[in-house]
Amino acid sequence: MAAETAEIQILSILILSAIILLNQLKLRTNFFFLSRQQQQKQKHNTNLPPGPWSLPVIGSIHCLLGSLPHHALRRLSHRYGPVMFLRLGQIQALVISSPAAAREVMRTHDAAFPSRPLTPTMDVITYGGKGVALSPSYGRRWKELRRICAAELLCPRRVRSFRRVRESEAASLVAPSPPRRRRRS
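Heads up, the sequence shown is in numbering that gives the first Met the number 0, so the first residue is 0 and it goes up one at a time.
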């Protein structure tokens with residue numbers, strides 16, 4: 000009987016040791032992969048402009064709290080420069096806060112920025128993204144539509160045909176507004 004209890008104790012100690020060893024192995028493996036993933040992120044993020052530190056779930060939203068968002072963005076731009084990177088929750092945002100930086104971005108990286116997500120509102124306005132002016136994608140179809148508009152709507156003959164309409168609209172814009180009638184109190 001004493002031998003059986005000793006064997007049971009030894010077996011339970013061995014099982015417990017194996018469980019502890021496996022947990023240690025699992026923790027070390029997880030730590031290894033997490034640290035490697037963090038290093039990969041740091042290498043990938045080296046090309047990003049500076050910006051405030053971000054928290055795991057909310058990102059840099061905590062930096063925009065307390066004052067009006069545009070005041071907070073101005074304060075951040077004084078600290079990090081005219082081009083900064085923010086994480087707003089899961090969304091990554093590039094904030095351009097000076098006209099010179101905006102001009103440079105639009106001049107050198109214009110092909111990277113014209114596409115925008117098709118929100119439900121834009122879907123209705125553009126008839127499913129089929130418009131030219133507010134088209135969500137900048138691709139072959141958009142270029143074809145732009146070419147057609149330039150050839151058909153902006154040709155000299157068509158522009159001349161709308162001269163009276165343009166003159167009338169311009170005159171109504173610069174015409175003085177009628178005087179307001181004062182209410183009797």
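Quick reminder that beta carbons are idealized off the backbone N, C-alpha and C, glycines included.
**Where G127 falls, given that 16 or more other Cβ within 10 Å makes a residue buried** = exposed
**Asked** So, is C148 buried or exposed, given that buried needs 16 or more other C-beta atoms within 10 angstroms?
**Response** exposed
**Request:** With DSSP collapsed to three states, give me the class of L153.
**Result:** coil
**Request:** Spell out a yes or no on whether the segment 84-103 and the segment 50-60 are touching, meaning 3 or more CB-CB pairs, one atom from each, closer than 8 Å.
**Result:** yes
**Prompt:** Relative to the C-alpha of S96, which residue among M83, L15 and E143 is closest?
**Reply:** M83
**Prompt:** Based on Cα-Cα distance, which residue from S160, L133, R179 and H108 lies nearest to T185?
**Reply:** Not covered by the structure: residue 185. The range shown for the chain is 0 to 184.
**Prompt:** Around the C-beta of C62, are 16 or more other C-beta atoms found within 10 angstroms, so that it is buried, or is it exposed?
**Reply:** buried
**Rounded distance between the beta-carbons of E151 and R159, thought under 8 Å** = Their Cβ separation, rounded to whole angstroms, is 14 Å, which puts R159 and E151 out of contact at 8 Å.
**Item:** Residue span of the alpha helix (DSSP H) that contains L72, given as start and end
**Value:** P68 to Y79
**Rounded separation between R27 and I14 - CA only** = 20 Å
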